[in-house]
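Residues in the sequence shown are numbered from 8 upward in steps of one, following the numbering used here.
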Amino acid sequence: MKNIRTGSCNCGSVTYEVHCEFDSVLNCHCGACLHRHGHFGAYVRVPFEAMVINETPHMKWWHSASTSEDHGFCDTCGAALFAHAEYEREVIYFTPGTLDNYDNLTTTSHYCLDEKPSYYEVQNDLPHLDYITEKNRRDRGEQGC
Ligand SMILES: [Zn+2]
Ligand SMILES: [Zn+2]
Numbered sequence: 008m009k010n011i012r013t014g015s016c017n018c019g020s021v022t023y024e025v026h027c028e029f030d031s032v033l034n035c036h037c038g039a040c041l042h043r044h045g046h047f048g049a050y051v052r053v054p055f056e057a058m059v060i061n062e063t064p065h066m067k068w069w070h071s072a073s074t075s076e077d078h079g080f081c082d083t084c085g086a087a088l089f090a091h092a093e094y095e096r097e098v099i100y101f102t103p104g105t106l107d108n109y110d111n112l113t114t115t116s117h118y119c120l121d122e123k124p125s126y127y128e129v130q131n132d133l134p135h136l137d138y139i140t141e142k143n144r145r146d147r148g149e150q151g152c
């Protein structure tokens, strides 16, 4: 049976389903994520076609010209839910904190640590990567979801 996991924003106006297996969480410490999330951004990367967003009038997208990404959020409670980059349309990132359950998830990597503020530390036994782009992943020979 196909594995489907569900999630929602804080107020429940926006819900989604993920129709694929996933287990890896990445933390991005770039300035854009810090300002969007209020702290580092935790994301799960899945194929775009595996994500079913139940579009409602409260589901909004903000385009960040500086990062060439579209960010999906709830305009009622302000929850940050999705990131969809112009340079890798075939995947979408979602925030694992918005899942309905957190089973079988592990933080596997950190991005943009050069932009991390000094007020918190990270686990140093995980890979530290430069930037979330498909090109960088391909350059390193990494596999997607
Ligand atoms: Zn909401
Ligand atoms: Zn970031």
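All C-beta atoms, glycine included, are put in the ideal place defined by N, C-alpha and C.
Cβ-Cβ distance between residue i and residue j below 9 Å
i: P103; j: V51; result: yes
i: F80; j: A86; result: yes
i: A49; j: T74; result: no
i: Y100; j: V53; result: yes
i: G14; j: D107; result: yes
Secondary structure of residue i, DSSP reduced to three states
i: E149; result: Residue placement at E149 is poorly supported in this model, since its pLDDT is 49, which falls under 50; the coordinates still yield a value, given next. In this structure, E149 counts as coil in the three-state DSSP scheme.
i: K142; result: Confidence is the limiting factor: at K142 the pLDDT is only 48, short of 50, which leaves the residue's position unreliable and the question unanswerable from this model.
i: G14; result: strand
i: E24; result: strand
Nearest candidate by alpha-carbon position, reference residue i, set the options
i: V98; options: Y126, G48, T13 and A57; result: A57
i: Y126; options: H36, A92 and P134; result: H36
i: T162; options: P134, C16, D132 and Q130; result: What the structure shows of the chain is the stretch from 8 to 152, and residue 162 is not part of that stretch, so it cannot be assessed.
i: H65; options: D132, T83, T74 and S75; result: T83
i: E24; options: D77, L133, T105 and C119; result: T105
i: A90; options: I11, E28 and H44; result: H44
i: W68; options: E95, D77 and T13; result: D77
i: E93; options: F55, E28, F47 and H42; result: F55
i: P124; options: L88, F47 and C27; result: F47
i: G19; options: K9, E28 and I60; result: I60
Item checked: Contained beta strand (DSSP E) runs [length at least 3] in the segment 38 to 102, N- to C-terminal order -> 48 to 54, 58 to 61, 66 to 71, 76 to 81, 87 to 92 and 98 to 101
Next item on the list: Would you check if there are 3 or more beta carbon pairs closer than 8 Å linking the segment 103 to 114 to the segment 12 to 32?
Entry: yes
Next item on the list: Run through the segment 108 to 135 for me and flag every whole alpha helix (DSSP H) of 4 or more residues, listed as ranges in chain order.
Entry: none
Margin query: Beta-carbon distances below 6 Å to any heavy atom of ligand 3 define the shell here; list its residues in chain order, please.
Written below: What this structure holds is ligand 1 and ligand 2, not ligand 3.
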